[in-house]
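So the sequence lines, in the order shown, correspond to chains A and B.
Reminder that position 83 of the first sequence reads as 83 in the working numbering, one-by-one numbering, no gaps.
Reminder that position 15 of the second sequence reads as 15 in the working numbering, one-by-one numbering, no gaps.
We put the CB at the ideal spot given by N, CA and C, even for glycine.
Being a predicted model, the structure only gives us computed values, none of them experimental.
Notes follow once the structure below has been shown.
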Amino acid sequence: MIALFGLVAGVLLGMATQTDVPAFLVPYLPIAVVAALDALAGAARALLDGLFDDRVFVVSFLSNVLVAALLVFLGDQLGVGSQLSTAVLVVLGIRIFSNAAAIRRKLFRA
Amino acid sequence: MSQDRPPGAPADRAPPPAGRDRPVRPAEGTAAWRRLGRAVRPRWSKAQLTAGLLCLVLGFGAATQVKQVSKADFSKLRQDELVEVLDQLDAQAGRLEAENLALERERDRLESDQTSQQAAAEAARQRAQVQGILAGTIAAQGPGIALTVYDPEGKLTAAAAYLLVDELRNAGAEAISLGPVRIVASTYFEDCQRTGCVMVGGQALEPPYEWLAIGDPNTLETALGIPGGVLAAVRTQGGSSTVTAKGRVTIDAVGSLAAPRYATALE
């Protein structure tokens with residue numbers, strides 16, 4: 001519940017404040033957001049499995065974001081930035097879908 | 001992060017198998033709902049607070065990114081994307097430049113066409129004026145003389161009128177009218193059946209004969225008045241005349257032209 005509140009509060013805060021993304025973060029922010037969404041989906045699945053652990057959630061959240069950003073950074077350095085970003089987004093998208101499917105099976109048995 | 005374990009699951013416990021082929025026990029669904037309900041209930045546990053904090057960060061980042069994207073400027077594009085955009089703009093600018101050049105050339109061509117057409121129209125108009133005056137189809141004005149010939153005895157003949165026209169033409173008259181008739185190349189003079197009348201171009205005119213001629217007034221006046229000239233001949237036939245040089249004579253009488261039936265231009 002508090003997580004939900006936090007999500008809503010974060011969105012409202014982001015909408016309300018006129019935050020300019022620093023230039024060096026601009027390529028990484030979208031990937032980081034998707035990676036965090038992946039972590040969130042994984043946490044939701046673990047919660048329904050009764051396996052949720054806040055320490056694991058924090059670590060996976062941060063590591064997801066960092067690894068995703070690192071991959072994009074590496075891709076930019078190698079000159080394949082846009083392709084690697086696409087690759088990371090595809091993988092994260094697949095993971096989010098599979099986690100969503102697992103959650104759906106748990107809740108609706110379908 | 002490991003691929004086979006959902007993030008958030010503890011590392012020391014194996015995740016439950018979640019294959020599609022695994023039969024789902026009815027109890028598991030209700031257990032999941034129970035866990036969901038328990039998690040949704042607000043409790044100030046450390047786990048809930050941590051999750052809330054991370055979700056706050058996630059929401060903030062997502063909202064910021066959405067706003068960044070909706071700004072839709074070039075600052076978020078990569079270098080190669082910017083180069084591509086620049087190339088496209090360059091090519092587009094080149095195309096537009098060429099089109100502009102072609103259109104300008106077209107405009108110049110049309111403008112010069114219009115100028116030459118205007119010049120041609122002006123020349124044609126002037127030519128039409130000159131020929132209209134010479135052919136007697138349009139009214140004319142200019143310096144000239146007014147000549148009135150009185151013939152109280154009715155003795156003047158068509159020959160006298162013809163001689164008068166001849167004399168005026170010799171003196172350089174450019175446009176001549178006698179009463180309401182414009183004297184042109186095809187005008188003819190006839191004697192009437194009765195006296196005191198001259199047929200001019202098929203129209204019977206009676207004295208006094210009002211002549212108008214456009215040309216150099218002095219030359220015309222002198223030519224008419226020379227001893228033994230045409231006016232002297234008029235006097236010997238019992239007529240009299242007055243000549244007035246005028247700075248401005250207006251000849252309103254116009255004749256009409258018939259298109260030639262037999263003659264055509266020799267190209």
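Using beta carbons (cut-off 8 angstroms, strictly below), is residue i in contact with chain B?
i: residue 47 of chain A; result: yes
i: residue 27 of chain A; result: yes
i: residue 93 of chain A; result: no
i: residue 86 of chain A; result: no
i: residue 57 of chain A; result: yes
i: residue 36 of chain A; result: yes
i: residue 61 of chain A; result: yes
i: residue 107 of chain A; result: yes
i: residue 78 of chain A; result: no
i: residue 21 of chain A; result: yes
i: residue 72 of chain A; result: no
i: residue 100 of chain A; result: no
i: residue 40 of chain A; result: yes
Starting from residue i, follow its DSSP beta bridges and name the residues at the other end.
i: residue 242 of chain B; result: B/148
i: residue 190 of chain B; result: B/199
i: residue 285 of chain B; result: Any answer about residue 285 of chain B is impossible in this case: the structure gives chain B only from 1 up to 267.
i: residue 133 of chain B; result: Per DSSP, none; premise fails for residue 133 of chain B.
i: residue 183 of chain B; result: B/176
i: residue 250 of chain B; result: B/141
i: residue 124 of chain B; result: Its beta-bridge partners do not exist; DSSP assigns none.
i: residue 214 of chain B; result: B/144, B/175
i: residue 204 of chain B; result: B/199
Just the chain A side, please: which residues come within less than 7 angstroms of residue i by C-beta, in chain order?
i: residue 35 of chain B; result: 47, 48, 50
i: residue 88 of chain B; result: Chain A residues near residue 88 of chain B: none, gap ~16 angstroms exceeds 7 angstroms.
i: residue 98 of chain B; result: Ordered by position in chain A, no residue passes the 7 angstroms Cβ test against residue 98 of chain B, which lies about 32 angstroms from the chain.
What does residue i reach in chain A if we use C-beta pairs closer than 8 angstroms?
i: residue 56 of chain B; result: 6, 7, 9, 10, 13
i: residue 94 of chain B; result: Within chain A, no residue comes near residue 94 of chain B; the closest Cβ sits about 26 angstroms away, beyond 8 angstroms.
Checking 8 angstroms against the spacing of the C-beta atoms, do residue i and residue j come in under that value?
i: residue 5 of chain A; j: residue 52 of chain B; result: yes
i: residue 215 of chain B; j: residue 161 of chain B; result: no
i: residue 207 of chain B; j: residue 225 of chain B; result: no
i: residue 250 of chain B; j: residue 141 of chain B; result: yes
i: residue 239 of chain B; j: residue 151 of chain B; result: yes
i: residue 39 of chain A; j: residue 103 of chain A; result: no
i: residue 63 of chain B; j: residue 10 of chain A; result: yes
i: residue 190 of chain B; j: residue 148 of chain B; result: no
i: residue 107 of chain A; j: residue 71 of chain A; result: no
i: residue 199 of chain B; j: residue 158 of chain B; result: yes
i: residue 36 of chain B; j: residue 7 of chain A; result: no
i: residue 54 of chain B; j: residue 61 of chain A; result: yes
i: residue 79 of chain B; j: residue 29 of chain A; result: no
i: residue 254 of chain B; j: residue 156 of chain B; result: no
Measure from the C-beta of residue i to each C-beta in chain A and report whether the shortest distance is under 8 angstroms.
i: residue 329 of chain B; result: For residue 329 of chain B there is no data in the structure shown, the boundaries of chain B being 1 and 267.
i: residue 53 of chain B; result: yes
i: residue 21 of chain B; result: Per-residue confidence for residue 21 of chain B stands at a pLDDT of 48, beneath the threshold of 50, marking its modelled position as unreliable; the derived number appears in the next sentence. With 8 angstroms as the cut-off, residue 21 of chain B does not count as an interface residue toward chain A.
i: residue 74 of chain B; result: no
i: residue 84 of chain B; result: no
i: residue 78 of chain B; result: yes
i: residue 62 of chain B; result: yes
i: residue 292 of chain B; result: The question about residue 292 of chain B has no answer, for chain B in this structure spans 1 to 267.
i: residue 32 of chain B; result: yes
For residue i and residue j, what's the separation of their Cα atoms in angstroms?
i: residue 50 of chain A; j: residue 23 of chain A; result: 41 angstroms
i: residue 265 of chain B; j: residue 185 of chain B; result: 18 angstroms
i: residue 94 of chain A; j: residue 41 of chain B; result: 30 angstroms
i: residue 65 of chain A; j: residue 33 of chain A; result: 7 angstroms
i: residue 261 of chain B; j: residue 241 of chain B; result: 40 angstroms
i: residue 111 of chain A; j: residue 31 of chain A; result: Given that chain A is displayed from residue 1 to residue 110, the structure contains no residue 111 of chain A and the question cannot be resolved.
i: residue 144 of chain B; j: residue 213 of chain B; result: 5 angstroms
i: residue 2 of chain B; j: residue 63 of chain A; result: Confidence at residue 2 of chain B is low in this model, with a pLDDT of 39, below 50, so the placement of that residue should be treated as unreliable; the coordinate-derived value is given next. One C-alpha to the other measures close to 11 angstroms.
i: residue 121 of chain B; j: residue 114 of chain B; result: 10 angstroms
i: residue 136 of chain B; j: residue 256 of chain B; result: 8 angstroms
i: residue 202 of chain B; j: residue 125 of chain B; result: 31 angstroms
i: residue 36 of chain A; j: residue 94 of chain B; result: 45 angstroms
i: residue 167 of chain B; j: residue 223 of chain B; result: 7 angstroms
i: residue 19 of chain A; j: residue 100 of chain A; result: 31 angstroms
i: residue 78 of chain A; j: residue 70 of chain B; result: 28 angstroms
i: residue 49 of chain B; j: residue 43 of chain B; result: 9 angstroms
i: residue 133 of chain B; j: residue 111 of chain B; result: 33 angstroms
i: residue 75 of chain A; j: residue 106 of chain B; result: 51 angstroms
i: residue 247 of chain B; j: residue 180 of chain B; result: 21 angstroms
i: residue 205 of chain B; j: residue 175 of chain B; result: 19 angstroms
i: residue 47 of chain B; j: residue 53 of chain A; result: 7 angstroms
By the criterion of Cβ-Cβ separation under 9 angstroms, what are the contact partners of residue i in chain A?
i: residue 48 of chain B; result: 1, 2, 3, 54
List the residues of chain B whose Cβ lies closer than 7 angstroms to the Cβ of residue i, in chain order.
i: residue 30 of chain A; result: 65
Does any CB atom of chain D fall closer than 8 angstroms to the CB of residue i?
i: residue 69 of chain A; result: No chain D is part of this structure, whose protein chains are labelled A and B.
Using the beta-carbon of each residue, which ones in chain B are nearer than 9 angstroms to residue i?
i: residue 90 of chain A; result: What residue 90 of chain A touches in chain B: nothing, since even the nearest Cβ is about 14 angstroms away.
Kindly examine the ligand FMN and report whether one of its heavy atoms sits closer than 7 angstroms to the Cβ of residue i.
i: residue 262 of chain B; result: Ligands displayed in this structure: none; no statement on the ligand FMN is therefore possible.
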